[in-house]
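These protein sequence lines map, in sequence, to chains F and W. Read in order, the letters of the first sequence correspond to residues -10 to 100 in this note's numbering. Read in order, the letters of the second sequence correspond to residues 20 to 390 in this note's numbering. Ideal Cβ placement from N, Cα and C applies to all residues, glycine included.
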Amino acid sequence: MIRVILPPHLRTLAQVGGEVELTVEGAVTLRSVLDTLEARYPMLRGTIRDHVTQQRRPFLRFFACEQDLSHDSPDTPLPDAVASGAEPLIVLGAIAGGCSPHIPGGQPLQG
Amino acid sequence: MSKVRVLVGTHKGGFVLTSDAKREKWDVSGPHFAGWEIYHLKGSPADPNRLYASQSTGWFGQLIQRSNDGGKTWEPVGNKFVYDGVPGTHQWYDGTPHPWEFKRVWHLEPSLTDPDTVYAGAEDAALFRSTDAGQTWQELSGLRGHGSGPRWQPGAGGMCLHTIILDPSNPDRIFIAISAAGAFRTDDGGVTWQPINRGLRSEQIPEPTAEVGHCVHHIAMHPSRPGVLFMQKHWDVMRSDNAGESWQEVSGSLPSDFGFAIDVHAHEPETIYVVPIKSDSEHYPPDGKLRVYRSRTGGNEWEALTKGLPQSDCYVNVLRDAMAVDSLDSCGVYFGTTGGQVYASADAGDNWAPIVRDLPAVLSVEVQTLA
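Have a look at this one:
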């Protein structure tokens, strides 16, 4: 059983309370976990990874076991503790304050 | 008895405000999608209980929400907006080429006749259409394929397609506007497009009367006269009497001809409303006075409407999609501010009162008049 902790907005969107528990077939990687997550919660498609490129959205990060996995290959096996369910995979929104994070330094509201 | 439903998109959620035809007591529902930017909500003219909402953040991207019960409940629908083919480049702020990248949906325009058909105006500028109630989206790529795309550039808020007007007399005719490219029209249902910017003059571009590059802020049309268009450009209020073939300035006596919002009275096609803003570097009303200006002559001659609006120390903005009218016998006019107020007038602008005072910054206001 893989445990995933989503940021609050995505928990609301997926209508889940705390952690999400997933059964992942085959190797436990970021890609396989996110594929399984999106198959079970289709409304999350596009919110964590780009629909087409499948790249991580730039203001999200992936943490587990006190490590930043955001820049790892999506096909790198996740830590054993994640694969065993001892530790969760954390999907986290970057700390970006209240400004519009679309361009460095923010931008005026709608212009 | 008739009712009015006001759909308000804000920087941190959506709100639904309802009242009876007196428009004195309001019920406030929300925030819906709390914490998300709701650029726009709009109802289907063919089924007023069918609403669409554009929900986005920089963290999680774009979502589209659909309601089938007038905004009581919502469900997320399709959010896959993919440009046709190789997207190419437009101009960046400094004139260098910049790749087209989808960022968000600014405006949703439901079909006049089919609740399941809805258009979406995107940043970076493109027009998408869904014919399955928002489940899937296809780009009408003839617009970006017009050939002038490499000369389009972003305004301060991004390169957005923010205005979509469907011609009630001709289902094949659509008007759109882009900051900062200008206005375009299709006469074949969105296959081919032509720029309609003759008569516009913009000092912010190297050739002030160029075919494209103009920062059009908003366009409004009265449904009974679809060939007459009113435009609030970055600077200048303009009108066209020939479906955009040419434009004339009608700023006339306005204290500033900069602004964002513009709309037309529901029953008087020559009565129009704008909210003058001081300048593009000072996004608040002149003299700290929030004044709606009304012209009963289709422009040039304007009167200030101030009763009930703050006339000192007011430094809010009124954004382009944040003004709307109802169609009750005594036309109601509504607008929202970046200070979180939504003001309403039940007498065509003579008297104003806030419906709500303390919402997050208002991005859009739409009104439904319900039987």
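| query | result |
| --- | --- |
| Please check if any C-beta of chain W sits within less than 7 Å of the C-beta of threonine 42(F). | no |
| Looking at the strands, I want to know which residues DSSP matches up with tyrosine 71(W). | Lys61(W) and Arg85(W) |
| If we define contact as Cβ-Cβ less than 7 Å, is glycine 6(F) a contact residue for chain W? | no |
| Taking 6 Å as the limit between beta carbons, can you name the residues of its chain near valine 9(F), skipping five residues before and five after? | Val(-7) |
| Residue ranges of each beta strand (DSSP E) run of no fewer than 3 residues wholly in the region 112 to 149 of chain W, ordered along the chain? | 116 to 118, 123 to 129, 137 to 142 and 145 to 149 |
| Can you find a C-beta in chain F that's less than 7 Å from the C-beta of proline 95(W)? | yes |
| At the 7 Å Cβ level, is methionine 342(W) part of the contact set with chain F, yes or no? | no |
| Which term fits aspartate 340(W), buried or exposed, when burial requires 16 or more other beta carbons within 10 angstroms of its beta carbon? | buried |
| Using a Cβ-Cβ cut-off of 6 Å (strictly less than) and excluding sequence neighbours within five positions of serine 259(W), which residues of its own chain qualify? | Leu248 and Trp266 |
| Looking at isoleucine 215(W) and glycine 246(W), is the spacing between their C-beta atoms short of 7 Å? | no |
| Taking 7 Å as the CB-CB cut-off, is asparagine 98(W) touching chain F? | yes |
| Check whether chain F comes within 7 Å of tryptophan 212(W), counting only Cβ atoms and requiring the distance to be less than that. | no |
| Put glycine 97(W) into one of helix, strand or coil per three-state DSSP. | coil |
| Measuring only the C-alpha atoms, how far is aspartate 39(W) from aspartate 103(W)? | 45 Å |
| Bridge partners of leucine 427(W), per DSSP? | The question about residue 427(W) has no answer here: the residues shown for chain W are numbered 20 through 390. |
| How far does the alpha helix (DSSP H) with threonine 108(W) in it extend, from its first residue to its last? | Looking at the DSSP string, threonine 108(W) is not in any alpha helix (DSSP H); the run it does join, the beta strand (DSSP E), is 108 to 110. |
| Per DSSP, what kind of secondary structure is alanine 4(W) in: helix, strand or coil? | No answer is possible for residue 4(W): the residues shown for chain W start at 20 and end at 390. |
| Using the rule of at least 16 other Cβ atoms within 10 Å of the residue's Cβ for burial, across every protein chain shown, is tyrosine 112(W) buried or exposed? | exposed |
| I want to see whether chain F comes within less than 7 Å of glycine 80(W), judged by CB atoms only; does it? | yes |
| Please classify lysine 41(W) as buried or exposed, where buried requires at least 16 other C-beta atoms within 10 Å of its C-beta. | exposed |
| Please report whether the beta-carbon of valine 14(W) lies at a distance below 7 Å from any beta-carbon of chain F. | Absent from the structure is residue 14(W), since the part of chain W shown begins at 20 and ends at 390. |
| Which one of His284(W), Pro305(W), Val337(W) and Val124(W) has the shortest CA to CA distance from arginine 315(W)? | His284(W) |
| Which residue marks the beginning of the alpha helix (DSSP H) containing threonine 270(W), and which one marks its end? | Reading off the sequence, residue 270(W) comes out as serine, not threonine. From DSSP, serine 270(W) is part of no alpha helix (DSSP H); its letter is neither H nor E. |
| For aspartate 92(W), count neighbouring Cβ atoms within 10 angstroms of its own Cβ and tell me buried if that reaches 16, exposed if not. | The sequence given here has threonine at residue 92(W), not aspartate. Exposed, since its Cβ has fewer than 16 Cβ neighbours within 10 Å. |
| Can you pull the chain W neighbours of histidine -2(F), defined as C-beta to C-beta under 8 Å? | Gly54, Trp55, Thr76, Trp78 and Phe79 |
| Determine the contact status of tyrosine 353(W) and alanine 343(W), defining contact as a CB-CB distance below 7 Å. | yes |
| Can you find the residues in the same chain that come closer than 6 Å, C-beta to C-beta, to leucine 58(F), ignoring five residues on each side of it along the sequence? | Phe51 |
| Given that leucine 23(F) touches chain W, what residues does it touch there, using C-beta distances under 8 Å? | The contacting residues do not exist; leucine 23(F) stays about 14 Å from chain W at best. |
| Would you tell me roughly how many angstroms separate the C-alpha atoms of aspartate 66(W) and proline 242(W), rounded to the nearest one? | 18 Å |
| Return yes when the Cβ of tyrosine 362(W) is within less than 7 Å of the Cβ of proline 379(W), no when it is not. | no |
| Interface residues of chain W around alanine 115(F) at Cβ under 8 Å? | Since the displayed chain F opens at -10 and closes at 100, residue 115(F) lies outside it and no answer follows. |
| At least one CB of chain B closer than 7 Å to the CB of phenylalanine 48(F): is that the case? | Of the chains in the structure shown, none is chain B; the protein chains are F and W. |
| Considering only residues of the same chain and omitting the five flanking positions on each side of valine 210(W), which have a CB-CB separation below 6 Å? | Gly161 |
| What number of angstroms, rounded off, separates the C-alpha of serine 73(W) from the C-alpha of lysine 122(W)? | 12 Å |
| With which residues is tyrosine 353(W) paired in a DSSP beta bridge? | Ala343(W) and Ala363(W) |
| What span of residues does the alpha helix (DSSP H) with serine 21(F) cover, start to end? | 19 to 29 |
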